[in-house]
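Presented below is the structure to which this report refers.
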Amino acid sequence: MPRLKMLRGPEPGRVIPLDDDVLLIGRGRKNDIIIQDNEVSRTHCRLIRVLEDYEIHDMNSTNGTFVNGQKVTQGGWLLSAHSILELGDSITLEYLASDIATGTLPPLPGSSDEEDEPVYYLVIKQESMLQPEVYLLNRSTLSMGRDIDNDIVLQEPEVSRHHIRMVFTKEGYAIEDLNTMNGTFVNDRRLAQQRLLRLSDMVRVGTRVQMWYTDNPDQLLENLRNGTLTVNEQEGEEADTYKTREEAEHATDERPLVTVEAEYGLEANALVNSVFLAYAPVEWELIVDKLFAYLEDNGILMWTPQDMEADSETWNNAIEQAQLESPCLLAIVSKRSLEVPYVQRAIRHFVTRDKPVVLVQLGRLDRPPIMIEHM
3 MPRLKMLRGP EPGRVIPLDD DVLLIGRGRK NDIIIQDNEV SRTHCRLIRV
53 LEDYEIHDMN STNGTFVNGQ KVTQGGWLLS AHSILELGDS ITLEYLASDI
103 ATGTLPPLPG SSDEEDEPVY YLVIKQESML QPEVYLLNRS TLSMGRDIDN
153 DIVLQEPEVS RHHIRMVFTK EGYAIEDLNT MNGTFVNDRR LAQQRLLRLS
203 DMVRVGTRVQ MWYTDNPDQL LENLRNGTLT VNEQEGEEAD TYKTREEAEH
253 ATDERPLVTV EAEYGLEANA LVNSVFLAYA PVEWELIVDK LFAYLEDNGI
303 LMWTPQDMEA DSETWNNAIE QAQLESPCLL AIVSKRSLEV PYVQRAIRHF
353 VTRDKPVVLV QLGRLDRPPI MIEHM
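Just so you know, we're using this note's numbering here: the sequence shown kicks off at 3 and counts up by one.
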């Protein structure tokens, strides 16, 4: 039987069996699957059985339905194993197909049925979330980041697409920063290499994400509510796996916070005064280069990823930095550009964070996407 698993939302970890031919999902009480969240419309989307799987259709929702980052149109989308569904910007679901839905996640190495077998959790507090979320750690490896293909999705602007990796060992979980722009801090010391987590360690990304490693999430949440939570002090040989924030900023051998190539001039804060110009690459010579030159000639600082290899690591890092630092987005809106994933992500990123967005329509749009039709 196919299932949906909630990765992000009001009930993380909730597994929903899919057993009817047609299932309605929404906030209203008449839906088959009810999700209480302001991003979810009263009747948001519909699942229709197609052989052993399901096809998803958006029901003209306010915030849209997305599969693997792509907007679902009226024609629907046939789901496949591990498809990632997003309802607006706050609900993330994973589709578990028939052939895998009855199974469970891979057991941890060395796990057993013994009652004293340790169980580990992460309690994660994001600035954009009203309440902390609790995640049971029951995989041998897991990833965290802003991209929807991560095991745990952290949708904050300071988080990289793939930010953290955790690996299970005989002593518990070890944590590793994935060479990110803003780094990962454990107990306020920046990670320089993989290290083993200790119970009650606090992991931080920027100023908007905090998480705690624990075997007693209920007690930790109680301490968090009461303001009695303490941070572990670092000891002995572990100090070599960190740098304090002050040490990281002043050390001459510390890698730069921004990992893009220096030839593109993208040091930290390089784009804080630049307008981020997003467009379909095939339209550069048609109009975008002329618009870019006109604005630059009139004293407006502009930035585009035009001189970078599309989808390279450098390109992805630069796009992330532009979303984080640029004060304004100028997007060329056309049939072609709205099929480009980074253009869609940039518009959604700026809109959901109330940052200024200027849209220039190129050609005719039969129906503008929901995320921009009211702008």
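Cβ coordinates follow ideal geometry from the N, Cα and C atoms, glycine included.
Every beta strand (DSSP E) stretch that sits fully inside the segment 158 to 222 and reaches 3 residues is listed by chain position as 166 to 171, 174 to 179, 191 to 193, 204 to 207, 211 to 216.
Counting C-beta atoms within 10 angstroms of its own C-beta, Asp60 has 16 or more neighbours from the protein chains shown and is therefore classed as buried. Counting only the Cα atoms, Asn70 lies some 10 Å from Asp149. Our two residues, Val205 and Asp153, have alpha carbons roughly 17 Å apart in a direct line. About 5 Å separates the beta carbons of Leu124 and Met213, which is inside the 8 Å limit, making them a contact pair.
A check of alpha carbon separations from Arg51 across Leu80, Asp190, Thr182 identifies Leu80 as the nearest. In the three-state scheme derived from DSSP, where H, G and I count as helix and E and B as strand, Pro19 is classed as strand. Linking Met146 to Tyr137 through their CA atoms gives a straight-line distance of about 12 Å. For Ala320, the three-state secondary structure derived from DSSP is helix. Looking only at Thr75, Thr45, Val277, the smallest Cα-Cα distance to Lys32 is reached by Thr45.
By the neighbour-count definition (other C-beta atoms within 10 Å, threshold 16), Ala320 is a buried residue.
Shown here for Met131: not one same chain residue has a beta carbon closer than 6 Å to its own, the five before and five after excluded. Distance from the CA of Arg5 to the CA of Glu41, rounded to the nearest whole angstrom, comes to 22 Å. Leu279 and Thr94 have their C-alpha atoms some 28 Å from each other. Burial check for Leu361: the Cβ neighbour count within 10 Å stays below 16, so the residue is exposed. Exclusion of the five residues before and after Leu364 leaves Ile334, Ser336 as the residues of its chain whose Cβ lies within less than 6 Å of its Cβ. Around the beta carbon of Val121, fewer than 16 other beta carbons sit within 10 angstroms, so the residue counts as exposed.
His351 sits in a helix when the DSSP states are folded into three classes.
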